[in-house]
Amino acid sequence: MGGTLAVAGIHLSDIAKLNYERHLFHEKTLRSVTANTRQDGEELLRVAAEIPIRPRTTVFPLADANVALQQMKNDAIQGTGVLSVE
Amino acid sequence: MQAMVLANPSRIETSPLAQRELPEPEPRQGEIRIKVEVCAICRTDLHVIEGELPPRRPHIIPGHQVVGIVDKQGSGSGRFAIGQRVGIAWLRWTCGKCPYCRRGQENLCPQALFTGYHENGGYAQYATVREDFAYALPMSLDPAAAAPLLCAGIIGFRALRRAEVRPGCRVALYGFGSSAHITIQVARHWKCSVYVMTRDERHQALARELGATWVGGATARPPEPIDSAILFAPVGGWSPRPWKHWIWAVRLR
Numbered sequence: 442m443g444g445t446l447a448v449a450g451i452h453l454s455d456i457a458k459l460n461y462e463r464h465l466f467h468e469k470t471l472r473s474v475t476a477n478t479r480q481d482g483e484e485l486l487r488v489a490a491e492i493p494i495r496p497r498t499t500v501f502p503l504a505d506a507n508v509a510l511q512q513m514k515n516d517a518i519q520g521t522g523v524l525s526v527e
Numbered sequence: 174m175q176a177m178v179l180a181n182p183s184r185i186e187t188s189p190l191a192q193r194e195l196p197e198p199e200p201r202q203g204e205i206r207i208k209v210e211v212c213a214i215c216r217t218d219l220h221v222i223e224g225e226l227p228p229r230r231p232h233i234i235p236g237h238q239v240v241g242i243v244d245k246q247g248s249g250s251g252r253f254a255i256g257q258r259v260g261i262a263w264l265r266w267t268c269g270k271c272p273y274c275r276r277g278q279e280n281l282c283p284q285a286l287f288t289g290y291h292e293n294g295g296y297a298q299y300a301t302v303r304e305d306f307a308y309a310l311p312m313s314l315d316p317a318a319a320a321p322l323l324c325a326g327i328i329g330f331r332a333l334r335r336a337e338v339r340p341g342c343r344v345a346l347y348g349f350g351s352s353a354h355i356t357i358q359v360a361r362h363w364k365c366s367v368y369v370m371t372r373d374e375r376h377q378a379l380a381r382e383l384g385a386t387w388v389g390g391a392t393a394r395p396p397e398p399i400d401s402a403i404l405f406a407p408v409g410g411w412s413p414r415p416w417k418h419w420i421w422a423v424r425l426r
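Protein chains in written order, with our numbering: chain C, 442 to 527; chain R, 174 to 426.
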C-alpha cells in the first residue's frame with residue numbers, strides 16, 4: 442500500500458469525508474504544497490536548463506490581461522498564458 | 174508606466190483589472206528594479222483578483238512570474254548588473270529569523286510576503302524586488318519560455334518532491350494546466366511513467382505529446398496502481414467526491 446498524494450493548490454474546496462481504513466491506513470500520505478523556497482527555485486531553474494524544459498505558451502499583450510485570465514479560467518489555454526509587456 | 178491594476182476584487186468576467194498610468198517604482202535599499210519583458214499568468218493571480226485570497230493591499234498590480242532586465246539598483250544592491258535578465262517569483266521576502274526560515278522552510282515563514290499580493294507584481298512595465306529574492310536568468314533564454322518556470326515550474330518541482338516522486342516510479346497528475354505541463358517534463362526526464370487525468374481534450378492531447386503513458390478524463394481511474402500523485406487544483410476547486418478516489422489511486426505496487 443502506501444503512496445503519496447500531494448495537493449499543489451493555494452485555495453481549494455473542502456476535502457470529502459475520508460474513510461480511515463480505506464483512504465489513510467496502510468501508510469498512505471496526504472500532503473499539501475505551500476509556496477516554495479528559493480532553493481527550490483534555483484534547483485528547478487538548473488533542472489530546466491539541463492532537460493531542457495520547453496513550456497508551451499500563448500502570448501497576450503499586457504492590456505489583454507483580463508481576457509488572458511478568463512481564457513485560463515475556462516481552460517482554453519494549453520500550457521501557460523504569458524503577458525507581453527512593451 | 175502602464176500597469177494593470179486591481180481596483181476591486183471581483184469575477185474575472187467583469188474585467189476587474191484596469192489599465193492605469195502610474196509612476197515608475199523606485200528600488201529601495203537592497204532592491205532592484207526591472208524593466209518587465211513578460212509576466213506569465215497563474216491561477217493564484219485569479220484567486221487574488223477574484224477575492225478568494227483575502228486582499229492585502231488596495232489597487233494591487235498582480236503577477237508573480239516576472240521576467241525583465243535590471244535597470245536600476247537601490248542603495249546597497251550589487252548582486253546583479255544593470256542590463257542583466259532576472260526573474261521575480263511569488264516569494265519576495267521572509268524574516269530569516271523564525272524557526273521555519275532557520276531550518277530551510279522559508280516557504281512557511283509566517284511573515285512571508287508575496288509578489289502581486291502583498292506588494293506590486295509584474296502586470297506592469299516596471300517591477301521591484303529585493304535582489305536576494307530574484308533569480309538570475311540567461312540572456313539566451315526566450316523570456317516568454319522562462320516566465321512559466323517561475324511559479325508553474327517551481328511549484329510543480331516542489332510538488333514532485335512532496336509527492337516523493339523517485340526516478341522510474343508511476344506518477345499521476347490530476348489536472349493538466351500550466352504547472353502540470355511543465356511538471357510532466359521533469360517527471361519524464363526522471364524516467365517516470367506519467368498518468369494524466371484531465372477533462373479537456375486539448376489538454377489530453379498535449380499530455381500525450383509530452384510523453385504521458387496514459388491519459389484519461391478528470392475522474393478516470395489510472396489503469397495501474399500509482400506511487401505518487403499530484404493534484405493541481407482547478408479554479409474554485411472540484412466537487413469533494415473525487416477525493417476518495419484520488420487518495421485510493423495511490424498505492425505502492
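Each residue gets a CB set at the ideal place from its N, CA and C atoms; glycine is no exception.
In the three-state reduction of the DSSP assignment, I492(C) falls in the coil class, being assigned neither a helical nor a strand state. Listed as beta-bridge partners of E462(C) by DSSP are no residues whatsoever. Here V508(C) carries a helix assignment [DSSP, helix/strand/coil]. Judged by pairs of C-beta atoms under 8 Å, the stretch 325-345 of chain R touches the stretch 385-404 of chain R, as three or more such pairs exist. In this structure, the CA atom of Q519(C) is about 6 Å from the CA atom of H376(R). In this structure F330(R) does not touch V500(C) by the C-beta definition: roughly 23 Å separates them, more than the 8 Å allowed.
Buried is the label assigned to G348(R), since at least 16 other Cβ atoms lie within 10 Å of its Cβ. Using a Cβ-Cβ cut-off of 8 Å, E462(C) does not count as an interface residue toward chain R, since no Cβ of chain R sits closer than that to its own.
Under the Cβ criterion (8 Å, minimum of three pairs), the stretch 238-246 of chain R counts as touching the stretch 312-322 of chain R. Of all residues in the stretch 360-378 of chain R, the ones placed with a Cβ closer than 9 Å to any Cβ belonging to chain C are R361, H362, T371, R372, D373, R375, H376, A378, in chain order.
If one requires a minimum length of 4 residues, the alpha helix (DSSP H) runs lying completely within the stretch 273-361 of chain R are 316-319, 325-335, in chain order. Neighbours of D400(R) across chain C, judged by C-beta separation under 7 Å: G444.
The continuous alpha helix (DSSP H) containing D218(R) extends over residues 216-222. At a C-beta separation below 7 Å, V211(R) has these neighbours in chain C: V523, L524, S525, V526. The residue from G277(R), A360(R), A385(R), C342(R) with its alpha-carbon nearest to that of P493(C) is A360(R). Bounds of any alpha helix (DSSP H) do not take in Q175(R); it lies within the beta strand (DSSP E) bounded by 175-179.
CA-to-CA, the gap between G256(R) and K469(C) works out to about 49 Å. Taking 8 Å as the upper bound for CB-CB distance, G326(R) and I355(R) are in contact here, some 5 Å apart. In this chain, the beta strand (DSSP E) harbouring A402(R) covers 401-404.
Put simply, the CB of E337(R) is near chain C, with a gap under 8 Å to one of its CB atoms.
DSSP places E374(R) within a helical segment (H, G or I) once states are collapsed to three.
Between the alpha carbons of V302(R) and Q511(C) lies a distance of about 28 Å. Taking all protein chains in view, the Cβ of S313(R) is surrounded by fewer than 16 other Cβ atoms within 10 Å, so the residue is classified as exposed. In this structure, DSSP gives G522(C) an extended state, which the three-state scheme calls strand. Per the coordinates, the alpha-carbon of E186(R) lies some 8 Å from the alpha-carbon of N507(C). DSSP places G241(R) inside the beta strand (DSSP E), whose first and last residues are 239-246.
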